[in-house]
Amino acid sequence: MLRTADRRLEDAAVTRTEALRAQRALIARELHDTLARANTQMVLRAQQAKAQLGDPERADQVAAALEDIVAVGHQSVTDLRTMLRVLREENAVATGAAPLSADLPGALERAEHDLRAAGLRPTLACEGDTSSLAPFLATTVARILDEAVANMIKYAARGARCSVQLDVDDEQVGLLVINPLAGNRRATPATSSGLGLLGIQERAQAHGGGADVISDDRQWILHVTIPLNASVPSTP
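Right under this line is the structure:
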């Protein structure tokens with residue numbers, strides 16, 4: 007009897023530890039995918055605006071960069087308030103519910119806007135019906151796309167052509183990103199933590215999928231696949 011009770015207590019302790027670990031991972035991903043990415047975007051846009059100051063011919067570009075910074079800042083504050091409100095709700099994190107939902111078509115539009123604003127020449131294509139995806143999966147794909155775009159902006163050569171291909175069929179969701187690299191561009195500690203790619207891999211794996219990254223001196227390629235028949239993960 008005592009041994010059985012001890013084992014149950016030990017099992018309960020292990021379960022609690024695993025639940026807390028999952029909660030911390032979820033919160034860390036949400037913070038990175040909202041606040042960290044927004045702040046990185048604001049820093050990069052501010053750097054672009056600063057580099058164009060004093061050039062009358064680029065006054066419109068400076069104004070556009072400042073407008074983007076204001077918009078991203080407002081959205082970041084809204085996301086933070088939403089996250090805090092949802093996390094305070096009973097069982098919001100314990101059930102694995104994503105604190106913030108994401109609109110996949112909106113993410114595609116945002117991706118094109120952000121890439122063009124950063125001076126890139128993107129080609130975006132979407133094959134299949136994204137509206138058929140479960141909301142939880144659509145949010146995951148949107149988060150992955152957002153992070154991929156953030157990496158493209160940090161490392162791409164200005165004026166370079168880049169591509170984003172999203173495919174949805176009866177069996178899986180596929181995302182292929184191809185981005186030329188600028189050899190003289192290096193991320194600073196303020197704009198790169200290395201956690202973004204880790205988050206992409208964790209999100210894909212949580213849905214039974216995977217994420218492969220190929221990078222050399224010329225280009226950066228991200229290929230993500232997520233099966234549609236996988237069970238809903240405990241964390242997004």
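Per this note's numbering, the very first residue in the sequence shown carries number 7; after that it's consecutive. Beta carbons: idealized from backbone N, C-alpha and C, even for Gly.
Determine the DSSP secondary structure at Glu177, reduced to helix, strand or coil.
coil
According to DSSP, is Gly102 part of a helix, a strand, or is it coil?
The predicted model places Gly102 with a pLDDT of 43, which falls under 50 and marks its position as unreliable; any figure quoted below should be read in that light. Coil, per DSSP.
Assuming Cys168 and Asn185 make a contact with CB atoms under 8 Å, what is their CB distance in whole Å?
5 Å
What's the gap between the Cα of Gly79 and the Cα of Glu73?
10 Å
What is the C-beta distance between Gln171 and Leu182, in whole angstroms, given that I count them as a contact (C-beta under 8 Å)?
4 Å
Along the chain, where does the alpha helix (DSSP H) that runs through Glu115 open and close?
Leu110 to Ala123
Is Asn185 helix, strand or coil when you go by DSSP?
strand
Looking only at its own chain, which residues have a Cβ that is under 6 Å from the Cβ of Ala19, when we skip the five neighbours before and after it?
none
Could you check what DSSP says for Asn235 in three-state terms: helix, strand or coil?
Reduced to three states, the DSSP call for Asn235 is coil.
Run the CB neighbour count on His119, radius 10 Å, all protein chains shown included, and call it buried at 16 or more, exposed below.
exposed
What did DSSP end up calling Ala163 once you bin it into helix, strand or coil?
coil
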